[in-house]
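Residue numbers (the UniProt record's numbering): 1 to 448.
In this text, a Cβ means the ideal position worked out from N, Cα and C, and glycines have one as well.
As the structure is a prediction and not an experimental result, all values here were calculated from the model.
Just below is one structure, and these are the notes that go with it.
Following this line, the structure appears as structure tokens:
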């Protein structure tokens with residue numbers, strides 16, 4: 001059988017509007033014996049086309065909710081980890097860094113899991129990693145064990161982040177649906193620090209008691225996701241993506257995806273974006289307590305405001321961005337976030353800082369799904385899992401590395417260094433995104 005390579009649709013078009021010729025494999029054009037009939041059309045699936053699709057989309061939203069609750073919990077519990085384990089900022093910051101190992105492994109194995117176990121494997125392994133980790137954390141283990149367990153969280157979140165972003169990114173109206181998927185990440189991130197802060201400061205619970213709730217959430221996540229994707233086996237995935245087997249094997253997919261400049265641009269951009277998002281969520285409570293002199297509860301609510309801003313931004317701006325154009329809108333959102341960061345930094349008032357950081361979250365919220373949409377339109381379909389999995393892992397890696405280094409620097413310089421570092425990261429991210437804005441059409445692009 002001739003090799004079949006999908007030609008990605010031009011940037012700016014929804015997958016549901018792709019023309020017949022754009023979705024036709026190269027081999028079909030070159031081999032008249034395999035030319036599809038003139039009436040053949042490749043229609044992108046819609047999220048509400050059946051009860052099964054609705055079930056699966058809502059299952060991914062449950063997974064996103066748990067991932068968001070996990071990531072936002074760091075900021076709320078870090079001050080209490082420091083007291084409980086009697087460690088410095090630098091050592092405590094290892095809980096940010098250790099998931100990076102899991103994210104890295106997920107980038108390598110995501111496509112392999114798809115090939116052999118399908119989306120059903122993702123739906124089982126990801127939530128199972130969460131559930132196992134939270135059960136262990138409930139036992140408030142020695143700090144080294146805590147650090148190791150967060151590696152499993154990183155792996156579970158990493159493979160799900162890649163799988164569900166790619167799956168939704170190839171739907172009709174993918175920008176809006178991805179906005180909802182990432183919006184539920186924001187919902188989890190919003191309620192998580194609120195619940196954790198309330199339990200610790202108001203109900204006088206220990207920090208690890210919060211993970212009783214996370215254990216229950218992960219159990220629901222596991223049952224919901226596995227039941228929704230039970231028929232999505234490895235054999236079905238290979239059947240639906242036949243070109244993946246013709247590029248030299250699953251690990252070769254990752255290697256080939258890395259020869260595309262778009263993969264690296266998106267990965268580096270998301271590395272900076274993920275670092276900025278988690279650094280704000282992870283350290284804003286300490287900043288508002290130590291620098292803005294807020295109470296423990298009020299400072300914790302500031303983090304809730306940030307994640308609430310992200311959530312609202314993803315639900316609202318997910319409908320605005322496609323109309324402005326994903327490339328342009330992302331650049332505009334970064335510029336607005338930088339302006340608000342300046343206000344956050346230079347105006348030393350608690351209320352102003354709290355409102356500013358919430359608005360920063362609002363404009364940052366829809367950036368990740370926007371990048372996924374751009375990437376799916378600039379890369380061949382059979383490389384989506386490998387390329388976006390790699391970029392998503394980089395995003396989570398940034399969310400691990402930058403908060404760790406901010407914690408390490410804060411140990412000697414104080415947490416007030418948070419704002420200039422965040423502003424610099426956003427400025428560099430804007431420059432990197434400029435490379436995407438100037439990128440040629442897909443058919444004109446060259447490998448690195």
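Within the same chain, show all residues whose beta-carbon is closer than 6 Å to that of residue i, passing over the 5 residues directly before and after it, in chain order.
i: residue 389; result: 107, 110, 162
i: residue 98; result: 147, 150, 151
i: residue 133; result: 149, 152, 153
i: residue 237; result: 114, 118
i: residue 156; result: 126, 129, 130
i: residue 404; result: 93, 96, 97
i: residue 124; result: 226
i: residue 197; result: 76, 300
i: residue 400; result: 96, 97, 99, 100
Compute the Euclidean distance between the alpha carbons of residue i and residue j, then round it to the nearest angstrom.
i: residue 69; j: residue 380; result: 33 Å
i: residue 219; j: residue 152; result: 16 Å
i: residue 171; j: residue 315; result: 17 Å
i: residue 144; j: residue 128; result: 21 Å
i: residue 119; j: residue 226; result: 9 Å
i: residue 343; j: residue 57; result: 38 Å
i: residue 193; j: residue 67; result: 13 Å
i: residue 514; j: residue 242; result: Since the displayed the chain opens at 1 and closes at 448, residue 514 lies outside it and no answer follows.
i: residue 341; j: residue 257; result: 34 Å
i: residue 327; j: residue 96; result: 30 Å
i: residue 289; j: residue 263; result: 39 Å
i: residue 116; j: residue 386; result: 14 Å
i: residue 232; j: residue 158; result: 19 Å
i: residue 419; j: residue 433; result: 21 Å
i: residue 345; j: residue 122; result: 41 Å
i: residue 409; j: residue 51; result: 51 Å
i: residue 183; j: residue 164; result: 13 Å
i: residue 79; j: residue 181; result: 30 Å
i: residue 173; j: residue 81; result: 42 Å
i: residue 62; j: residue 224; result: 8 Å
i: residue 436; j: residue 382; result: 21 Å
i: residue 330; j: residue 367; result: 6 Å
Here's the rule I'm using: 16 or more other beta-carbon atoms within 10 Å means buried, otherwise exposed. How should residue i be labelled?
i: residue 255; result: exposed
i: residue 414; result: exposed
i: residue 412; result: exposed
i: residue 139; result: exposed
i: residue 259; result: exposed
i: residue 362; result: buried
i: residue 351; result: exposed
i: residue 349; result: exposed
i: residue 204; result: exposed
i: residue 239; result: exposed
i: residue 86; result: exposed
i: residue 369; result: buried
i: residue 230; result: exposed
i: residue 188; result: buried
i: residue 142; result: exposed
i: residue 287; result: buried
For residue i, which residues in the same chain have their Cβ closer than 8 Å to its Cβ, ignoring the five residues on either side in sequence?
i: residue 54; result: 47, 48
i: residue 176; result: 318, 319, 322
i: residue 427; result: 338
i: residue 347; result: 353, 356
i: residue 293; result: 350
i: residue 360; result: 280, 306, 309, 337, 340, 341, 344
i: residue 397; result: 100, 103, 104, 271, 274
Less than 7 Å between C-beta atoms, sequence neighbours within five positions excluded: which residues of the same chain meet that for residue i?
i: residue 422; result: 276, 279, 280, 341
i: residue 267; result: 390, 391, 394
i: residue 84; result: 207
i: residue 101; result: 151, 154
i: residue 269; result: 371, 429, 432, 433
i: residue 406; result: 279, 283, 418, 421
What are the uninterrupted segments assigned as alpha helix (DSSP H) that are 4 or more residues long and contained completely in the stretch 122 to 194, given in chain order?
143 to 169
Practice prompt. Report the residue ranges of all alpha helix (DSSP H) runs contained in full by the stretch 361 to 428; include only those spanning at least 4 residues, in chain order.
Written response: 367 to 378, 384 to 413
Report the start-end ranges of each alpha helix (DSSP H) in the stretch 51 to 121 that is 4 residues or longer and not cut off at the edges. 51 to 85, 89 to 92, 94 to 97
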